[in-house]
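Below is one structure, written out as structure tokens; comments come after it.
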Amino acid sequence: SIFDCADEDLLIGRMDLGNPVYLNGGIDDVSLWSVALSQENIQSYMSSSPSGDETGLVGYWNFNEGEGTTLTDLSGNDNNGTINGASWTGDAAPVVTPVFGCTDSYAENYNPDATVDDGSCSGYPDNGEYSLSFDGVDDYVDCSNGQNLNVVDNFTIEANIKWVSGELGYVFHKWGSSGIGVQIIGPNTEYYSLNNNSLCLWINVNGTWYSFDSPSNSIQLNKWHHIAAIYENGEVSLYIDGVSQEVSQNDDISGPIDDHLGETLGIGGKSVPSNSFNGYVDELRFWSTVRSQEEIQSYMTASVPVDEQDLVGYWKFNAAADDILYDHSGNQSHGAIEGATWDEDVQPIPEENNSLSFDGVDDYVDLGNNNLFNFNDFTVSLWFKSTWSGGGGDWIYLFGRDNHWGFWLQNAGNIRFSIEQPNGVWGNVESEGIFTDDSWHHASVTRDSETGEFALYIDGNFDQDNEDIMMGGEYSSSDLSGEIICDDNLYIGYHPVGSPGWFDGSVDEITIWNTALSASEIQAYMSTSLTGSETGLVGYWNFNEGDGTTLTDQTSNDNDGTINGATWSTDVPPTSGGNNALSFDGVDDYVNMGIEFFSLDLGTGDDCNYTISVAVNVEDLSNNPVLLGNSDLNSGLYLQINSSGQVILKIGQEAFVSTDEIIFENTWHHLIVNTDCYHYNRLWVDGVEYDIEDRNMDLSSPGRNLYLGFSNGLDNGQEYNGLMDELSIFHSLITQDDFDSYDFSIPEYIPDLMGYWNFNEGVGDNLTDLSGGYITPNGISYDGNNDGTINGATWSDDGAPVQPASFASLSVGTVDAVANSAVLVPIEVDLMGESISSVEIHFGGFQGHVDFVAVDTTETLVGDAEWNIEINEQEDLLITGTYGAAEISTNGT
85 SIFDCADEDL LIGRMDLGNP VYLNGGIDDV SLWSVALSQE NIQSYMSSSP
135 SGDETGLVGY WNFNEGEGTT LTDLSGNDNN GTINGASWTG DAAPVVTPVF
185 GCTDSYAENY NPDATVDDGS CSGYPDNGEY SLSFDGVDDY VDCSNGQNLN
235 VVDNFTIEAN IKWVSGELGY VFHKWGSSGI GVQIIGPNTE YYSLNNNSLC
285 LWINVNGTWY SFDSPSNSIQ LNKWHHIAAI YENGEVSLYI DGVSQEVSQN
335 DDISGPIDDH LGETLGIGGK SVPSNSFNGY VDELRFWSTV RSQEEIQSYM
385 TASVPVDEQD LVGYWKFNAA ADDILYDHSG NQSHGAIEGA TWDEDVQPIP
435 EENNSLSFDG VDDYVDLGNN NLFNFNDFTV SLWFKSTWSG GGGDWIYLFG
485 RDNHWGFWLQ NAGNIRFSIE QPNGVWGNVE SEGIFTDDSW HHASVTRDSE
535 TGEFALYIDG NFDQDNEDIM MGGEYSSSDL SGEIICDDNL YIGYHPVGSP
585 GWFDGSVDEI TIWNTALSAS EIQAYMSTSL TGSETGLVGY WNFNEGDGTT
635 LTDQTSNDND GTINGATWST DVPPTSGGNN ALSFDGVDDY VNMGIEFFSL
685 DLGTGDDCNY TISVAVNVED LSNNPVLLGN SDLNSGLYLQ INSSGQVILK
735 IGQEAFVSTD EIIFENTWHH LIVNTDCYHY NRLWVDGVEY DIEDRNMDLS
785 SPGRNLYLGF SNGLDNGQEY NGLMDELSIF HSLITQDDFD SYDFSIPEYI
835 PDLMGYWNFN EGVGDNLTDL SGGYITPNGI SYDGNNDGTI NGATWSDDGA
885 PVQPASFASL SVGTVDAVAN SAVLVPIEVD LMGESISSVE IHFGGFQGHV
935 DFVAVDTTET LVGDAEWNIE INEQEDLLIT GTYGAAEIST NGT
């Protein structure tokens, strides 16, 4: 309530309650505020006076006149007082000099002499990885009701939980007549009208309770889950294991949550034994901010830094001793453990990426017999790698259920998928390509049960369907329609009837779906680790156990396999869609790009303007490696680096050499070179323009293919040895500034772009042109399908570092600071999800206000790097991190 005291005088030293009551003593330094000061503010003004212009200061009298009958208001509001009888004295209130430090006796750095807590408390008992086990009856942790826990605006609550009994239970319980609650909803809670086996958030707004829950069965019994509940301006988001959930919301709400300062925080329940959680809890965090999905995923199985901004409570559950659950946030909301017991059962550490290796003699995995693998529509996918070869008619069995359906490798190195109905009707689909090349390949088959058609996809691309090539005796699709039923076990690497066909090679990431996926879905799932709960997914084995004899089904269908002989390996498929490159061996590796480039058939004059942009990392310069070209010694064009590190552009019979030696071994460089084919060349390396020779030249149309890794028509030992990435070819003269202005995520809108290859496939022997097509000024059309064919060059995940032209944003956090004390200020840099080669951050204009003491750059958003910190005489701060060539700068405010 607000009290209207407009008719009452403000009195110092006197109170009128019928008969006036007077102060007998001294008084000094009175301030009146229209805002609630924090503890830190109060402590600060104990030792230093307000300046008079602070926000919310409505009256301030420092009593320093020393004479006269007027007490002056220094706030600027002219509330001067008239002194009646009180006399001036030199016995002023002492200036209290606070002693800053850690005031928490549980902390390792506790300072018993400290009078003001500075938020530095750290070093709480930590004896390893533990959780607390709650019995679902009356166990809980009492974390009291500190002011810091009274979060009424946006918040995030996170925890690791393992639910062991299907009853409703509170993980986070801070409510009574108002507050916040996070529950796991069991199967017997119909009166709540909530989804069974789900995550639920309760909040109280304007005196009304609201609930928000995840889909049914999104929480599984006896399985560790990371849960997160977020409230943001009336909207609720729920995450389970880092995956956003569809939220059932019972009403629209807005505004802050009702004040819940008087409500005690209970973990696992509260003192009233009702709806207590039955299971394990670990790593509980309470934030007064909204955490992004990326932030949630980053710390699902790792501890967060204890000095994170807006972390109001953080219970790590690692003490494993005594009856105290320590709050590591520095806010001292330690919990008293009531009944719950310490346990070593914790969220498992993320598994390494592994595969299984089969010896071709007697190794296999038995996945049992489940009716889920009797199919109508289906998709079966896997990764495999093999060098096996056999005689005429030989084969090895990769994965399937005997002859009823399965993948086979044929003696020629091609892959086959077969289907056989119980009545003996059978059909095949076979790849045209050879895939026993010691490289990882992804194979998928989709089936339409109504038509009987099934199609084979290799490395995400359609290859054949069962109607394309019909073998003798093979039945048509219509004969193969309907459900495929059998009672055979599902095996990896072993054919149980007739010849065993032991598989020789490696296998990873097998999925079985009861639906026919689209080509785009196949491509998306190739490079994504699934959660196991995707719609239609009936079996998923990610091969990441790394030890033991069990291959675990990651779905809830429990189709675990028994490993017989096959051994674990860290040789795994490359990540498609990542920042990849191609590696050339300097002997016989190349990419054939076709005949469409650098031909005078396009015209003359301005029509012959070309620009090449490419990223290279040369391993060995000694053989003067050729990067790309369609030239012999007399006609055409090629791009080369000589043994001194100079760039050479060869056009026709003329070689044009850069003045500077600018290319270094084992270092990524970005080259842009343009030419008008007659008398004009320009060169940029890593964003800097360098001189390169130019004079009269004649391209002379060679009519030959363009190659990466060497030049068509040359055979002189100058093959490229190193990595290559991000190639683009333009039909105009492009400068560095032009290039920096282009958005290559939408290449179809980039002018004059003849071809663009980002090298991010990561698998297969196709280098995809992403340019989207182009028509030259004289009407020649490029369809944007100038894909390259890879010969020998292998994929690498060491792609060229992406260098954004500027930061998406840079923000400096706002923190409460006490005068004459040190404070850690967070600096957040949003790099648009990209890696960078260097960063420079400058902060100026602080002289006389702030002294920079030190800067902590470890584990920042830009990662660990070789950082240089400079603080000049003007107390300006320059932070520079360099791990590449180009420099990126921005100013912080």
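First residue of the sequence shown: 85, per the numbering used here; consecutive thereafter. Every residue, glycine too, gets a C-beta built ideally from N, C-alpha and C. Predicted, not measured: the structure shown is a model, and the values here were computed from it.
Cutoff 8 angstroms; reference residue i; Cβ partners in own chain excluding five residues on either side
i: G152; result: I167
i: I725; result: V700, V702, L705, N708, P709, L711, V731, I732, I747
i: D427; result: Y214, S215, L216, S217, Y364
i: V105; result: R98, M99
i: L614; result: T595, L621, Y624, N626, Q638
i: I518; result: A496, G497, N498
Reduced DSSP secondary structure (H/G/I, E/B, other) of residue i
i: A420; result: strand
i: E605; result: helix
i: L717; result: coil
i: L666; result: strand
i: Y826; result: coil
i: E428; result: coil
i: E703; result: coil
i: P506; result: coil
i: D672; result: coil
i: D100; result: strand
i: Y559; result: coil
i: Q820; result: helix
i: I126; result: helix
i: L95; result: coil
i: Y144; result: strand
Spatially closest choice to residue i from the options, by CA coordinates
i: V622; options: L837, W752, A243, L451; result: L451
i: N290; options: F442, I337, Y144; result: I337
i: T535; options: E551, F546, S523; result: E551
i: E995; options: C761, L790, N789, N487; result: Not covered by the structure: residue 995. The range shown for the chain is 85 to 977.
i: N758; options: L792, I813, D782, N718; result: I813
i: E514; options: W492, D532, D461, Q393; result: W492
i: L285; options: G136, D343, Y129, F239; result: F239
i: G169; options: N161, S131, N108, S159; result: N108
i: G670; options: A877, S360, G616; result: A877
Whole-angstrom distance between residue j and residue i, CA atom to CA atom
i: Y315; j: D672; result: 58 angstroms
i: E773; j: S816; result: 18 angstroms
i: S604; j: H526; result: 14 angstroms
i: D744; j: G444; result: 55 angstroms
i: Q377; j: T385; result: 14 angstroms
i: E319; j: V374; result: 11 angstroms
i: D881; j: S328; result: 28 angstroms
i: D478; j: Q505; result: 23 angstroms
i: D201; j: G397; result: 16 angstroms
i: S590; j: F442; result: 6 angstroms
i: G423; j: V430; result: 19 angstroms
i: L440; j: D655; result: 9 angstroms
i: G720; j: L811; result: 19 angstroms
i: G207; j: Y410; result: 10 angstroms
i: F462; j: L456; result: 11 angstroms
i: G160; j: S118; result: 14 angstroms
i: G839; j: G203; result: 56 angstroms
i: N835; j: D822; result: Here residue 835 turns out to be Pro, not Asn, going by the sequence shown. Each residue's Cα considered, the two are about 10 angstroms apart.
i: V698; j: L792; result: 11 angstroms
i: G566; j: F538; result: 12 angstroms
i: D197; j: D188; result: 11 angstroms
C-beta neighbour in chain C for residue i, strict 9 angstroms
i: Y383; result: This model lacks chain C altogether; it includes just one protein chain.
Own chain partners of residue i with C-beta closer than 7 angstroms, once the 5 adjacent residues on each side are dropped
i: I111; result: I96, G97
i: P271; result: G250, N280, N281
6 angstroms CB neighbourhood of residue i in its chain, flanking five on each side removed
i: A404; result: N211, Y214, W426
i: D91; result: none
i: F794; result: Y674, V710, E803
i: D644; result: T634, T636, D637
* In chain order, each alpha helix (DSSP H) run of at least 4 residues that lies wholly inside the stretch 387 to 412 -> none
* Which ranges does the beta strand (DSSP E) cover as unbroken runs of at least 3 residues, wholly within the stretch 572 to 634, from first to last along the chain? -> 588 to 597, 621 to 625
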